[in-house]
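Number of protein chains: 2
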Amino acid sequence: MNDDFYLLEERTGATRSETEKCKSGDPTMFEAFWREMGDRSTIAIPGWQTMSYFSDVGNVCWFLEPEFAEEVHKLHKFVGNAETKGRHVVVGNGSTQLFQAALYALSPPDASEPMSVVSAVPYYSSYALITDFLKSGLYKWRGDAYTFKSDTPYIEMVTSPNNPDGFIRQSVINKEGGKTVHDLAYYWPQYTPITEPADYDVMLFTVSKSTGHAGIRIGWALVKDSEVARKMAKFIELNTIGVSKDSQLRVAKILRTVREGHEIGMDKFFDYGRRLMSERWDKLREVVKSNAIFSLPEFPSEHCKFFGDMCTSHPAFAWLKCEGEIEDCEALLKSHKILTRGGKHFGEDPKYVRISMLDRHEVFALFIERLSAMN
Amino acid sequence: MNDDFYLLEERTGATRSETEKCKSGDPTMFEAFWREMGDRSTIAIPGWQTMSYFSDVGNVCWFLEPEFAEEVHKLHKFVGNAETKGRHVVVGNGSTQLFQAALYALSPPDASEPMSVVSAVPYYSSYALITDFLKSGLYKWRGDAYTFKSDTPYIEMVTSPNNPDGFIRQSVINKEGGKTVHDLAYYWPQYTPITEPADYDVMLFTVSKSTGHAGIRIGWALVKDSEVARKMAKFIELNTIGVSKDSQLRVAKILRTVREGHEIGMDKFFDYGRRLMSERWDKLREVVKSNAIFSLPEFPSEHCKFFGDMCTSHPAFAWLKCEGEIEDCEALLKSHKILTRGGKHFGEDPKYVRISMLDRHEVFALFIERLSAMN
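Same order as they appear, the protein sequences are chains A and B. Every letter in the first sequence is one number past the one before it in numbering that gives the first Met the number 0, and letter 71, counting from 1, is 70. Every letter in the second sequence is one number past the one before it in numbering that gives the first Met the number 0, and letter 235, counting from 1, is 234.
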């Protein structure tokens, strides 16, 4: 199971796959919101539509549905979380595929050594797995960006807010010949204050985290340089000959529903999301406060331009630390039937674990109940 | 542009991408059929559906929609073109992704040399590009299966009916340590007589060629061995964290529409497809017959168990040969504004070109008109 999939609750007699699902960070928390929307975000597609491979033959990304691209531009402008002007939109089968497309686009095709790929500890553990699983001669995972001392070219992954710990990040290397890719999957108002539009060379987003629609498998990159965008599209062409048009059209409808809900002032998705995340974090902090074993990161209060008020971060994952003499936090929690992902997977100490905050209400409630019982 | 995209007709002033589109083998020919179906193959998806990453947590392929898998089984049983009993269905973002998943699954993870990947000439040219574009240490393209003399392990791609030439194929090597993957994208009744259910270890299919829905990006593999299926699913998990659920549900509806149309005896898709392919091949053969420059492959008449009659092949591509002193068939046709893909891309003589037979009516008509004018 991909590392993106971890949470709590072990069921008796569950199969391995079922256990994995229970550990997952599946963003099903937002399902309740979309149920309330009823038909307003429903899409109907007749059998004769979207048959061609091609969506926009004049575009660098020839498989990009123009309606989807338009809604991406409009939503970013509305939320103020990313600069889209003059950027190419490259659509992918989730931001996971776009991460690989970026590695392909930014690595020279004929270097004698593979390009180094790094990220500051603690880093999203799937980066390592995905970079290396095909033993590519183009790029190779080199681990922690802080300890990367080579003078050779590199790609630094900057995840902000960071997975697993939720902090806002900047590049930590800044050497000549270095490239950065900004994974901004969680830079949305339900998770963190929107302080300014992100403005980087390659920025990755995904509908899995922005609206909670993981099963549609749609991500997008905003790319400044035309040649990089062209090579990213080439990767996706060779890898999957483009991206489902149906999924792109469905996401267009969903992004439009989010934006229009805010514009007309009812069913505001980001308000709903922030309220829910804030409630969950309050509950978690309350339990942690009453138990000397654990600690959680503290986030500063900042002015959120989207909400127009001061607010703090409520990350999609809680980066929980076991204090004192406990060395293996994952094992401790497992013995209390709370499945988590241990720190070593993120290049960190096993005193840490990552816990998803995005599961369905009943699963989250069970997690809080079990954690409380450890007092 | 992927090598799957080649056909005729160059427009004056067209951009590079537009020209590529005109050269494409986009299967838009079937669009007219689906338009006639009207709402019968329409699917509606509410905003709250398909949000989770997971589809079937107990399945080796945990992102497989059960409804899609069921329709795959039913359609193969109805058509009689593949044995599905006891097989795992692995869904992919088109058969292109499944081809890569098969290479990953069949290559040892820790061999000193990459696994050799071969296919008999003339082979589908994308195999070479896709196998090598990431310079994987797991597998490497070694070209023509006929000339593969090494005693090392290998994967042989067997495309049947073959792209580009339309012939039914068998494996040509059969050495110990060898694995075969059968790409059966064109083993459907509109293209070729269905003589028996295919019964191989790994069989690839795609909705692009079976029903013409290329833009949905759905393919499936039928896999005998559980461990191979598990590794193929692992590839797709690492590459794209699964496959769009919306697309799977839409394909389920389309496959059901095809099957039920035949069962109730109206709007029979495969009858429609065979009639159209047969008419197009008749027109092409007529033009070629009247012009000594060209020749086409001849196919035997065989008993088709699906239609219950004797019939011949009408492949999705025409493998046209320039006879006599003409060395570069692609260049000759280009000078008459017919864009094709030359033989060398398929490991063959440049006297050959591949021409898609699946384009829209008006494009095909233009092709026939221009070819006729060469007399």
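Positions of the beta carbon are idealized from the N, C-alpha and C atoms, including for glycine. Small disclaimer: the values here were computed from a predicted structure and weren't measured.
A distance below 6 angstroms between beta-carbons, with the five flanking residues on each side excluded, links B/Asp266 to the following residues of its chain, in chain order: Gly260.
Using beta-carbon distances, A/His212 counts as an interface residue toward chain B, with a partner under 8 angstroms.
Under the 8 angstroms criterion on CB atoms, A/Trp140 is classed as non-interfacial with respect to chain B. Across the region 117-147 of chain B, CB contacts with chain A closer than 7 angstroms involve Leu128, Ile129, Phe132, Leu133, Lys134, Ser135, Gly136 and Leu137, in sequence order along the chain. Using a CB distance below 7 angstroms, the part of the region 48-74 of chain A facing chain B consists of Thr49, Met50, Ser51, Tyr52, Phe53, Val56, Gly57 and Trp61, ordered along the chain. By the criterion of a C-beta distance shorter than 7 angstroms, A/Lys230 is surrounded in its chain by Tyr103 and Ala104, once the five residues flanking it on both sides are discounted. For B/Val222, there is no enclosing alpha helix (DSSP H); the enclosing beta strand (DSSP E) covers residues Gly218 to Val222.
8 angstroms or more divides the Cβ of B/Ser312 from the Cβ of B/Pro196.
In the same chain as B/Trp140, and ignoring 5 residues on each side of it, the C-beta atoms closer than 6 angstroms to its own belong to Val116, Ala127, Thr130 and Asp131, in chain order. In this structure, the straight-line span from the alpha carbon of B/Phe305 to that of B/Gly79 is close to 7 angstroms.
Setting aside the 5 residues that flank it on each side, A/Arg279 is surrounded in the same chain by Met356 and Phe363, each with a C-beta closer than 7 angstroms to its C-beta; the list follows chain order. One thing to note: A/Asn162 has its Cβ no nearer than 8 angstroms to the Cβ of A/Phe293. The beta carbon of B/Arg369 is closer than 7 angstroms to those of His335, Lys336 and Ile337 in its chain, skipping five residues each way along the sequence. A/Val222 is the residue among A/Ser277, A/Cys303, A/Val222 and A/Thr83 whose C-alpha sits nearest the C-alpha of A/Cys60. Here B/Tyr186 really is in contact with B/Pro160; their C-beta atoms are around 6 angstroms apart, less than 8 angstroms.
From the beta-carbon of A/Asp182, no residue of chain B is found nearer than 7 angstroms; the closest lies around 14 angstroms away.
In this structure the region 164-179 of chain B does not lie against the region 81-96 of chain B, because fewer than three pairs of beta carbons, one per stretch, are closer than 8 angstroms.
From the beta-carbon of B/Glu30, the residues of chain A found nearer than 7 angstroms are Trp47 and Met50. Legend: CB atoms of the region 311-325 of chain A lying less than 8 angstroms from CB atoms of chain B are not found in any residue. Of all residues in the region 255-270 of chain A, those with a C-beta nearer than 8 angstroms to a C-beta of chain B are Thr256, reading in chain order. Interface residue (Cβ-Cβ distance to chain A less than 8 angstroms): B/Arg353 is not classified as such. By the C-beta criterion, the region 244-257 of chain A is judged not to be in contact with the region 339-352 of chain A, since fewer than 3 inter-stretch pairs fall below 8 angstroms. When B/Asp38, B/Lys178, B/Asp224 and B/Gly323 are compared, the shortest CA-CA separation from B/Met114 is found for B/Lys178. At a Cβ-Cβ threshold of 8 angstroms, A/Val227 and A/Leu203 do not count as neighbours. Within 9 angstroms of the CB of A/Val242, the CB atoms of chain B belong to Asn92, Arg216 and Ser243, in sequence order along the chain. With a beta-carbon spacing of about 31 angstroms, B/Trp47 and A/Glu82 fall beyond the 8 angstroms limit used to define contacts.
Against A/Gln189, chain B offers no close residue; the least beta-carbon distance is about 15 angstroms (beta-carbon pairs closer than 7 angstroms). A/Ile263: member of the alpha helix (DSSP H) spanning Lys244 to Ile263, first to last residue. Here B/Ile129 carries a helix assignment [DSSP, helix/strand/coil]. Per the C-alpha coordinates, the member of A/Leu97, A/Gly57, A/Glu69 and A/Thr27 positioned closest to A/Val242 is A/Leu97. A straight-line Cα-Cα distance of about 50 angstroms links B/Val120 and A/Lys73. Against chain B, the CB of A/Ser225 has no partner CB under 8 angstroms away; the residue lies outside that interface. The C-beta distance from A/Pro296 to A/Phe166 rounds to 7 angstroms, short enough to fall under 8 angstroms. Around the C-beta of A/His360, fewer than 16 other C-beta atoms lie within 10 Å, and the residue is accordingly described as exposed. By the rule that beta-carbons nearer than 8 angstroms mark a contact, B/Trp219 does not touch chain A. Using beta-carbon distances, A/Asn238 counts as an interface residue toward chain B, with a partner under 8 angstroms.
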